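Here the sequence shown is numbered in our numbering, starting from 1 and rising by one per residue.
This report refers to the structure that appears directly beneath it.
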Amino acid sequence: MRNALVRFVRLLVGLFYRRVEVTGLEHVPREGPVLFIANHNNGLVDPMVVLHAIPRPVVFVAKSTLWKIPVLRWLLDLLGCVPVVRRGEEDQKISLKGEERNRDSFERLAAVLDEGSTTLVFPEGRSHSDPRLSELRTGAARILLLSKESPVVVPLGLWFTKKEEFRSEVLVRIGAPVPTPRDPTVEAWTEVMGKALEAVTLNADDWEDHEVAAAVDALYGERIREDFLEGGEGTAPLARTFSTLRVLLAARASLEKARPGEVSSLACRVRTFDTFLRNLSLSPSSLDDPPRVRTILRHTLSALARVLLGFPAAVVGVVAWWVPYRLCGFLAKRVPGAAKERDQIALYKLLAGLGLFPPFFIAEVAAIWRAEGPAWGAVAVVLLPFAGISSLLFYEYAAWRERQVRELLAFAFFPGGIARLRARRDALVAECDRLAEVFRTEADNRRT
Numbered sequence: 001m002r003n004a005l006v007r008f009v010r011l012l013v014g015l016f017y018r019r020v021e022v023t024g025l026e027h028v029p030r031e032g033p034v035l036f037i038a039n040h041n042n043g044l045v046d047p048m049v050v051l052h053a054i055p056r057p058v059v060f061v062a063k064s065t066l067w068k069i070p071v072l073r074w075l076l077d078l079l080g081c082v083p084v085v086r087r088g089e090e091d092q093k094i095s096l097k098g099e100e101r102n103r104d105s106f107e108r109l110a111a112v113l114d115e116g117s118t119t120l121v122f123p124e125g126r127s128h129s130d131p132r133l134s135e136l137r138t139g140a141a142r143i144l145l146l147s148k149e150s151p152v153v154v155p156l157g158l159w160f161t162k163k164e165e166f167r168s169e170v171l172v173r174i175g176a177p178v179p180t181p182r183d184p185t186v187e188a189w190t191e192v193m194g195k196a197l198e199a200v201t202l203n204a205d206d207w208e209d210h211e212v213a214a215a216v217d218a219l220y221g222e223r224i225r226e227d228f229l230e231g232g233e234g235t236a237p238l239a240r241t242f243s244t245l246r247v248l249l250a251a252r253a254s255l256e257k258a259r260p261g262e263v264s265s266l267a268c269r270v271r272t273f274d275t276f277l278r279n280l281s282l283s284p285s286s287l288d289d290p291p292r293v294r295t296i297l298r299h300t301l302s303a304l305a306r307v308l309l310g311f312p313a314a315v316v317g318v319v320a321w322w323v324p325y326r327l328c329g330f331l332a333k334r335v336p337g338a339a340k341e342r343d344q345i346a347l348y349k350l351l352a353g354l355g356l357f358p359p360f361f362i363a364e365v366a367a368i369w370r371a372e373g374p375a376w377g378a379v380a381v382v383l384l385p386f387a388g389i390s391s392l393l394f395y396e397y398a399a400w401r402e403r404q405v406r407e408l409l410a411f412a413f414f415p416g417g418i419a420r421l422r423a424r425r426d427a428l429v430a431e432c433d434r435l436a437e438v439f440r441t442e443a444d445n446r447r448t
């Protein structure tokens, strides 16, 4: 039963997120006890993503308040999850009971490790939407020291492009095992775990730094990858973007000490330029010369063929699933506190989908069965899910082709405006080149 539930969780994650990219799987031992530690930015979806990414069975901890939800409690117990009481959730009298309960939970997790299995702990102790890691709690270190074996500690960095949005992307970055500190105390283990998690996550003082880094990546990312990265990311697109953003965040932190005024000015102009292009449905790379006519015709014929073949199934999918699809987002954003808890919206959407899609499916199949007979009802059982998936893929493909058409139309009807935008882009790239040389020189000086 548990294996079936895990497979279902993996299916949900693969459906909700368009791409789940995993790097560093070679760091996960094929057997023996492993303590996974991960950042925590997306509520209960975080362990679901880990279950999707890690091939071994994983037991994870969850906040005790989730066990107050009847159906969810049954699912968590079925997965073998262990409840912990978070600081601040109870009054002082009950907090003492919470500490005692957590001691039992830590012992249960240590026993899982002693059996040669794996556990997942979020050392931050809470899910959040902060721009950097929170201060680590000591629970993961305490579990480790309670274990009679010598578990391998493996850090996981979970990075979501737009964590609450359906069909966005997520990177699971698996780091090298955490080295054992010289003095293996709770404090020492917590410190080295913190450094290991910082190495697999993006961290900045505020979200404006992340947004500026993303804008510079769109403008200058390819140059960063050529000049500052050594190819360790391979061809995985999310991993390459993640590594580029890490370099950009480090560069900004370094350059703001040496050239604060220049960095702030460039950051403001790049961000403004990026916003302007987005409003026009353009990107910095789209300002290059358009492809040849022969290439455009080939892509046009390919797009028309796909549209003609996929449109009928897409129409059926939209008719069948549009109402529950829209209701999921509508209801998730109206859960009390959802506006302040971005780290829970993806979970609310998943729960809404589980509550809405099955009844709609049953009702539609029953209606077709009654109207057209058992044969068409059986066809609907197979066709409706296929049509739903087809409509998703069709929409994503059509959106991609639409952006390309917009770019070609801009070149055709506004050549002067494109030329001015290209000149503005090139001027910003030249300034990025100059500051990149300053950063490279400072980095070389630090190494020597």
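Each residue gets a CB set at the ideal place from its N, CA and C atoms; glycine is no exception.
Keep in mind that this is a model prediction, so the values were computed, not measured.
What three-state label does DSSP hand residue 273 in the structure shown?
Position 273 of the sequence shown, counted from the start, is the residue given in the question as residue 273. Note: residue 273 maps to helix in three-state DSSP.
How would you label residue 432, buried or exposed, when you count the other beta carbons within 10 angstroms and need 16 or more for buried?
Along the sequence shown, one-based indexing puts residue 432 at 432. The residue is buried, with at least 16 neighbouring Cβ atoms inside 10 Å.
Within the stretch 160-197, note down every full beta strand (DSSP E) run reaching 3 residues or more, in order along the chain.
Complete beta strand (DSSP E) runs here, min 3: 169-174.
Tell me the DSSP secondary structure of residue 83 in three-state form.
Taking the sequence shown and counting its residues from 1, one reaches residue 83 at position 83. In this structure, residue 83 counts as strand in the three-state DSSP scheme.
Report all residues from its chain with a CB closer than 7 Å to the CB of residue 39; omit the five preceding and five following residues, and keep chain order.
Looking up residue 39 in the sequence shown gives position 39. For residue 39, where only same-chain residues beyond five positions count, the Cβ hits under 7 Å are 124, 133, 157, 158, 197 and 201.
Please identify the residue among 311, 166, 35 and 383 whose C-alpha is closest to the C-alpha of residue 149.
Locating residue 149 in the sequence shown gives position 149, counting from the first residue. Considering only alpha carbons, the answer is 35.
Residue 20 by DSSP, collapsed to three states: which one?
The residue labelled residue 20 in the question sits at position 20 within the sequence shown. It is a strand residue.
Work out the CA separation of residue 317 and residue 389 for me, nearest whole Å.
Along the sequence shown, one-based indexing puts residue 389 at 389. Along the sequence shown, one-based indexing puts residue 317 at 317. If you take the alpha carbons of residue 389 and residue 317, they lie about 7 Å apart.
Note down the Cα distance separating residue 75 from residue 321, rounded to an integer number of angstroms.
Position 75 of the sequence shown, counted from the start, is the residue given in the question as residue 75. Position 321 of the sequence shown, counted from the start, is the residue given in the question as residue 321. Distance between the alpha carbons of residue 75 and residue 321 is about 26 Å.
Beta-carbon within less than 6 Å of residue 360's beta-carbon, same chain only, minus the 5 sequence neighbours each way: which residues are those?
Residue 360 sits at position 360 when you count from the first residue of the sequence shown. So the list reads 324, once near-sequence residues are dropped.
Report yes if the C-beta distance between residue 128 and residue 343 is below 9 Å; otherwise report no.
Indexing the sequence shown from 1 puts residue 128 at position 128. Indexing the sequence shown from 1 puts residue 343 at position 343. Yes.
For the putative contact between residue 16 and residue 166, defined by C-beta atoms under 8 Å, what is the C-beta separation to the nearest angstrom?
For the purposes of this step, residue 16 is taken as the residue at position 16 of the sequence shown. For the purposes of this step, residue 166 is taken as the residue at position 166 of the sequence shown. With a Cβ gap of about 6 Å, residue 16 and residue 166 count as contacting.
Using a Cβ-Cβ cut-off of 8 Å (strictly less than) and excluding sequence neighbours within five positions of residue 282, which residues of its own chain qualify?
By one-based count along the sequence shown, residue 282 stands at place 282. The answer, listed in chain order, is 406, 407, 410 and 421.
Could you please give me the residues that DSSP links to residue 155 through a beta bridge?
By 1-based counting over the sequence shown, the position of residue 155 is 155. For residue 155, which the question treats as bridged, DSSP gives the partners 37.
Can you find the residues in the same chain that come closer than 7 Å, C-beta to C-beta, to residue 95, ignoring five residues on each side of it along the sequence?
Along the sequence shown, read from residue 1 onward, the residue named residue 95 stands at position 95. In this prediction, residue 95 has a pLDDT of 47, which is less than 50 and means its spatial position is unreliable; nothing more can be read from the coordinates.
Return the bridge partner residues of residue 228 from the DSSP annotation.
One-based indexing of the sequence shown puts residue 228 at position 228. DSSP output for residue 228 lists no bridge partner at all.
May I ask you to report which of helix, strand or coil DSSP gives residue 335?
By one-based count along the sequence shown, residue 335 stands at place 335. Coil, per DSSP.
Can you list, in chain order, the residues of its chain with a C-beta nearer than 8 Å to that of residue 116? Leave out the 5 residues immediately preceding and following it.
Residue mapping note: residue 116 aligns to position 116 of the sequence shown, counting from 1. 31, 32, 33 and 149.
Taking the continuous beta strand (DSSP E) assigned at residue 119, which residues delimit it?
Indexing the sequence shown from 1 puts residue 119 at position 119. Where residue 119 is concerned, the enclosing beta strand (DSSP E) stretches over 118-121.
DSSP on residue 106, reduced to helix/strand/coil?
As a first step, residue 106 must be located in the sequence shown, where it is residue number 106. Looking at residue 106 - three-state DSSP - the assignment turns out to be helix.
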